[in-house]
């Protein structure tokens, strides 16, 4: 059994071109919109949080990488860097609503899962 098998199983979810991780819901007065994430996507986030892939020292690890290169580093990342990048994207929603939607649309979570699968082969 692969250590991160539950997470790796989400590859098919993210590979689906029709997947929309979230919809944007307006307030009753229509002044603000907020992300309303799909249940499957939220299950993915919960699964990430239940693993050892979310690390507290991610900021220290990412200091070595130019912010513009986080996404580019995924394909060659070792597990330590991959954990830091994943943690960055998971925690980003806390500071900027819609960050997960951005990461979904850019295929970032899919790239992370592909790399995780390679590292656990």
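Numbering (the numbering used here), first residue to last: 41 to 161. Just so it is clear, CB atoms sit at the ideal spot from N, CA and C, and this is done for glycine as well. The structure presented is a predicted model; accordingly, all values stated were derived computationally and were not measured.
Excluding five sequence neighbours on each side, which residues of the same chain lie with their C-beta closer than 7 Å to the C-beta of residue i?
i, result
"residue 155", "114, 115, 117 and 122"
"residue 97", "none"
"residue 101", "120, 121 and 124"
"residue 148", "111 and 129"
"residue 105", "113"
Beta-carbon within less than 8 Å of residue i's beta-carbon, same chain only, minus the 5 sequence neighbours each way: which residues are those?
i, result
"residue 48", "42, 153, 156, 157 and 160"
"residue 139", "129, 132 and 133"
"residue 76", "62, 63, 64 and 65"
"residue 72", "66"
"residue 58", "none"
Going by Cα to Cα distance, which pick from the options is closest to residue i?
i, options, result
"residue 141", "60, 55, 94 and 50", "60"
"residue 46", "57, 66, 106 and 91", "91"
"residue 124", "133, 95 and 135", "95"
"residue 65", "144, 132, 148 and 137", "137"
Write down the C-beta distance between residue i and residue j rounded to the nearest angstrom, noting that I regard them as a contact closer than 8 Å.
i, j, result
"residue 78", "residue 62", "6 Å"
"residue 50", "residue 84", "5 Å"
Do residue j and residue i count as a contact pair if the criterion is CB distance below 8 Å?
i, j, result
"residue 126", "residue 150", "no"
"residue 111", "residue 134", "no"
"residue 44", "residue 80", "no"
Leaving aside the five residues before and after residue i along the sequence, list all residues of the same chain whose C-beta is less than 6 Å from its C-beta, in chain order.
i, result
"residue 144", "61"
Are there any heavy atoms of the ligand SAH lying less than 7 Å away from the beta-carbon of residue i, as far as the coordinates show?
i, result
"residue 51", "Judged by which ligands are present, the structure shown has none, so any question about the ligand SAH falls away."
Threshold first: 3 residues or longer. Then list the beta strand (DSSP E) segments lying entirely within the region 84-123, N to C. For the region 84-123, not a single whole beta strand (DSSP E) run of length 3 or above is found.
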